[in-house]
Amino acid sequence: MPEFKQGTVVVTGGSRGIGASISLELARAGLHVACLSRSGELPDAGGLDTAARARLTALRCDITDAASVQAAFAAVPALFGLQVVGLVNNAGIHLQGPSASFPIADFDRVMQTNAASLLLASQVAYPYLREAGSALIVNIGSFYDKLGVRGNVAYCASKAAVGAISRCLAVEWARDGIQVVNIAPGYIETDLNREEMNEGALQAFLKKRIPTGGPAQSADIGRLSAMLFRLPGRFLTGETIYIDGGQGMAL
Ligand code: NDP
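Numbering follows the UniProt record's numbering, with no gaps: position 89 of the sequence shown is 89.
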């Protein structure tokens, strides 16, 4: 058994935001990466050398559609001719509104994308990961999983479910050589929220509220993910790792 995992990792939502950073850092660390998204776009790999860039490829896939997920996974082993040694369940959506009137259809949509689809992708990945003999699933949850956040009933519930699914899969699949780790980020500056995060009132609030002094960058999540794929041993499993600058534990 090689000390480090070698082969292809599937990253859902790998076209932009946190998933793009995860894909880039995995490619930089020597892994091959299949970036799944509905657009099927490759992440911007400007900062990578040519060899690392060649380890990235993109596939069109809607993670809420079982046939689409199955088709994507069936195509992955042939992309680089390597075993599938990992899955990063990163794709997710965020809908918000007051709990008293939050539409159940929106609640279902968030749970479907963030929780049920994460389980679906893990189920589809399972035979490939088991065959690899040593594999890792990284789920991207959120530090909202243990907080009560106004207007976020669906998102908080979906991310609590991610923690629970991670624990169950870790326990059930440990004997198959599959580790499962849930990374729970705090506020991360991405293309989508950069303007909002840098807007005066929110920026001042986050500076005060986050013990380390403000939001992190998506590369921070990318580096932590790559580190997990490079961590020898398989004793770390089922755990939720909070990377939130201490915000979730601060009074
Ligand atoms: P973005 O909206 O920037 O990116 C989401 C990615 O997921 C895109 O690549 C998108 O591509 C893809 N995606 C969305 N829906 C689907 C779908 N049905 N099928 C396939 N791909 C899909 O999100 P972030 O990078 O901000 O967030 C990534 C993850 O990190 C999410 O799970 C989020 O909850 C979590 N997170 C984010 C935080 C933050 O502050 N940004 C904090 C804590 C957690 P496309 O649209 O082409 O399908």
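The C-beta atom is built at its ideal place from N, Cα and C for all residues, glycine as well. Since this is a predicted model, take the numbers as computed values, not measurements.
The DSSP assignment places complete alpha helix (DSSP H) segments of no fewer than 4 residues inside the stretch 193-242 at 194-197, 200-209, 218-229, in order along the chain.
In the structure shown, the three-state DSSP call for residue 179 is strand. The DSSP-derived three-state label of residue 171 is helix. Pairing residue 17 with residue 212 gives a Cβ-Cβ distance that is not under 8 Å. Contact annotation: the stretch 124-139 touches the stretch 167-180, with at least three C-beta pairs closer than 8 Å.
Taking non-hydrogen atoms of the ligand NDP into account, the C-beta of residue 32 is found less than 7 Å away from none of them. Beta-bridge partners assigned by DSSP to residue 189: 217. Contact between the stretch 213-233 and the stretch 149-168 is absent: fewer than 3 CB-CB pairs across the two stretches fall below 8 Å.
In this structure, the beta-carbon distance from residue 61 to residue 36 falls below 8 Å. Residue state for residue 117 is assigned as helix, using DSSP reduced to three classes.
Annotated as proximal: residue 27 and residue 48, with beta-carbon spacing under 8 Å. Distances taken from the Cβ of residue 51 to the heavy atoms of the ligand NDP include none shorter than 7 Å.
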